[in-house]
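Residue numbers (our numbering): 60 to 901.
Contents: one structure, followed by commentary.
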């Protein structure tokens, strides 16, 4: 692993290569001194808590080899050879500065004196870590045979085939008749939600219907091109990728904020809007810091892109820095191999992959690349947050300061507070003895406060404005190869393996011999080349899934032997080939699919077809689907006329800075698009969670599509939906004079089509028979989101808690809830929003 831990774990002293050599040139007398005085003491007093034999490493520290002592644990290197005063081990055996080893009683003074002599000698120690020999069960012959699997072979090109010709051939063979083209209202609503995640407005519905009357094909083509060019396209399709990238703004363990994660979110949205070629999109996220950049703007974009590797779940309370790094790298490998390659390479961490021809050596070949990389995620070292890192300073400052980090504190005030804390710490001096536990506790508390103050100062410029930082990765200062870990356990190292890629991909595999680069750029290019049979297939399958309602490969992140075979490999291969032919253009592939007959079909049920193909694998009709959580929330804001289509600046967490995250539900009442809502791990937004928002702790290939009673209850009883119904009613009253016009346009807004005669009759009957509830029977809201942020305003024009504070907001919402219950049009509008027809996209 990287030997310069100070770059990966701030607060640890830098170590030289000489310090970490397996053995120095010590004299026989010095080795005898160790064997006679030090080894027995370590075994007696230390091994129980700090040895591989006992599988125990309290504070992340092992003491059973010289290398382990020099690598150290949670507090840094345990020993500075030749210098007892600066060695944490010396503090510990003397019970100083809050370190106490052994914890029950101090060692005898004679033994402590021997430790002092030993450190002054330069740490003579003949012990070396035993390295096992790992023998893979996957042979070269197995790997060659594995290459026969369909996913490890290049797609077959068919120059004269199209989406419709391939699908039509399957339908004819099965003697199925495809459904007709959907009507213009259904098709427009489908196109709008699929491309923008938003319903069409009244004017858009009328304009499209008029164009349809003249030329349906031209109307569809023009509408698709128009929507692909809108900025809302990137917000919808960027969210698809954020699911894969397990995007969130907090750590998830000792849940602390990642206040700069939002930059990666915006990078993804912009990439889709600019139609960044997918191969470049991949390379920037894996190795943007290593790509040439002619301008600061492009350099900044590349740096932010590498946040893909930095934003994942992390256990910042992990005391062992090597365990933290091992787990972080495992999470990175699992995410990018599933996300880009459709392979579960992470399964090979502990043993050879059980299904795919991926030996454990391949996993650790990739792990060495990431061990030679610095992952920079931020966080301050306070309380139980042991694992910290710096961030990447961006070359271009934010035009509008984002973070309120430091609040009203000025730089001068922070500097004064830091100086005062440092003086108090120095005044405490070195405390020692058995009765100084309270003093040690006070010292640790003071250190935590000092680190917190320094963290606040580090993110501010001299004028008090926040600096511009990003999460991401950089090359390490020392390039290393990883040891195989038997069972994935740090305490069981086996032989080193060279940095490289997957053997099953043949000539795309490589070995990194250079001591000047990690191999990460080679890794990115091996994944993004058209000669890789996986990458273009995996993304083409994802795009198809989001448009057609089901993927061609039913396991979108597992194209391996344990995954499902493609339902139509000829179609998948043709999509993948055309994807590359059009310069990896995501917009072009989306456009081609949407202009096909297969996409434009109605969802009409056919008993004959259903009897032959009940799962619609042959695509004889469109697949209805429920709106995603973001689409549902955004649609209610469109219907109420409240949606703000401007980009939100940062996010609630980005504004609040470091520390514990606020609940994701606190900004539910803001009116910007849902992609800009807070995503805090383990603090889910109530509405998003109710409607199948994915777990951001892991990469997500696709979302669950559930229809459960809790969702209907939320739509009928939530204060948020009640308020949208009331706002929609007010909008209808403002724009239309008669009840008939209001009802007719309410249907057009909600369902994207005119109301049927039956629906109009039922609606008029509702208004005739409506009776407001009595005051005693009005529901009392227990919506947790009533304590959230409300209205516009605040930083970026989106946040803010409203003028009256949270209690005033809750009272205001309770009042509006009661008003809505007595307004028949508001109840009617909420009923439309709560209907299955509103949520289901045909």
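Ideal Cβ placement from N, Cα and C applies to all residues, glycine included.
Given the structure is predicted, the values throughout are model-derived calculations rather than measurements.
Residue i and residue j closer than 8 angstroms at C-beta
{"i": "residue 825", "j": "residue 887", "result": "yes"}
{"i": "residue 152", "j": "residue 174", "result": "yes"}
{"i": "residue 371", "j": "residue 396", "result": "no"}
{"i": "residue 530", "j": "residue 346", "result": "no"}
{"i": "residue 44", "j": "residue 398", "result": "No statement about residue 44 is possible, as the shown extent of the chain runs from 60 to 901 and does not include it."}
{"i": "residue 283", "j": "residue 604", "result": "no"}
{"i": "residue 889", "j": "residue 780", "result": "yes"}
{"i": "residue 817", "j": "residue 884", "result": "no"}
{"i": "residue 650", "j": "residue 287", "result": "yes"}
{"i": "residue 638", "j": "residue 688", "result": "no"}
{"i": "residue 562", "j": "residue 411", "result": "no"}
{"i": "residue 214", "j": "residue 636", "result": "yes"}
{"i": "residue 575", "j": "residue 538", "result": "yes"}
{"i": "residue 154", "j": "residue 165", "result": "yes"}
{"i": "residue 256", "j": "residue 294", "result": "yes"}
{"i": "residue 891", "j": "residue 686", "result": "no"}
{"i": "residue 735", "j": "residue 699", "result": "no"}
Integer Cβ distance of residue i from residue j, believed to fall under 8 angstroms
{"i": "residue 761", "j": "residue 419", "result": "That belief does not hold up - the Cβ atoms of residue 761 and residue 419 are roughly 29 angstroms apart, past 8 angstroms."}
{"i": "residue 267", "j": "residue 243", "result": "6 angstroms"}
{"i": "residue 188", "j": "residue 552", "result": "7 angstroms"}
{"i": "residue 392", "j": "residue 430", "result": "Contact doesn't hold; Cβ gap of about 11 angstroms is too wide."}
{"i": "residue 170", "j": "residue 100", "result": "5 angstroms"}
{"i": "residue 222", "j": "residue 786", "result": "Contact flag wrong, Cβ pair sits at about 41 angstroms."}
{"i": "residue 630", "j": "residue 648", "result": "Contact doesn't hold; Cβ gap of about 13 angstroms is too wide."}
{"i": "residue 564", "j": "residue 211", "result": "7 angstroms"}
{"i": "residue 436", "j": "residue 317", "result": "7 angstroms"}
{"i": "residue 438", "j": "residue 532", "result": "With a Cβ gap of about 16 angstroms, residue 438 and residue 532 do not count as contacting."}
{"i": "residue 320", "j": "residue 366", "result": "7 angstroms"}
{"i": "residue 740", "j": "residue 448", "result": "Residue 740 to residue 448, Cβ: 18 angstroms. No contact."}
Status (buried if at least 16 other CB within 10 Å, exposed otherwise) for residue i
{"i": "residue 895", "result": "exposed"}
{"i": "residue 571", "result": "buried"}
{"i": "residue 354", "result": "exposed"}
{"i": "residue 432", "result": "buried"}
{"i": "residue 340", "result": "buried"}
{"i": "residue 673", "result": "exposed"}
{"i": "residue 772", "result": "exposed"}
{"i": "residue 567", "result": "buried"}
{"i": "residue 231", "result": "exposed"}
{"i": "residue 670", "result": "exposed"}
{"i": "residue 829", "result": "exposed"}
{"i": "residue 192", "result": "exposed"}
{"i": "residue 273", "result": "exposed"}
{"i": "residue 109", "result": "buried"}
{"i": "residue 782", "result": "buried"}
{"i": "residue 88", "result": "exposed"}
{"i": "residue 375", "result": "buried"}
{"i": "residue 802", "result": "buried"}
Cut-off 7 angstroms between Cβ atoms - residues of its own chain near residue i, not counting five sequence neighbours on either side
{"i": "residue 675", "result": "682"}
{"i": "residue 400", "result": "586, 593, 594 and 597"}
{"i": "residue 330", "result": "340"}
{"i": "residue 730", "result": "696, 701, 702, 703 and 851"}
{"i": "residue 414", "result": "619, 620 and 621"}
{"i": "residue 583", "result": "341, 342, 345 and 346"}
{"i": "residue 235", "result": "668, 671, 672, 677 and 679"}
Paired residues, beta bridge with residue i - DSSP
{"i": "residue 558", "result": "571"}
{"i": "residue 312", "result": "374"}
{"i": "residue 744", "result": "Residue 744 pairs with nothing; no bridge assigned."}
{"i": "residue 434", "result": "532"}
{"i": "residue 542", "result": "555"}
{"i": "residue 900", "result": "684"}
{"i": "residue 451", "result": "529"}
{"i": "residue 731", "result": "703"}
{"i": "residue 660", "result": "240"}
Cut-off 8 angstroms between Cβ atoms - residues of its own chain near residue i, not counting five sequence neighbours on either side
{"i": "residue 759", "result": "302, 303, 305 and 753"}
{"i": "residue 680", "result": "237, 238, 660, 661, 662, 663, 664, 665 and 668"}
Cβ neighbours of residue i in the same chain (closer than 6 angstroms, five flanking residues each side left out)
{"i": "residue 423", "result": "541, 543 and 556"}
{"i": "residue 299", "result": "605"}
{"i": "residue 349", "result": "580"}
{"i": "residue 226", "result": "657 and 678"}
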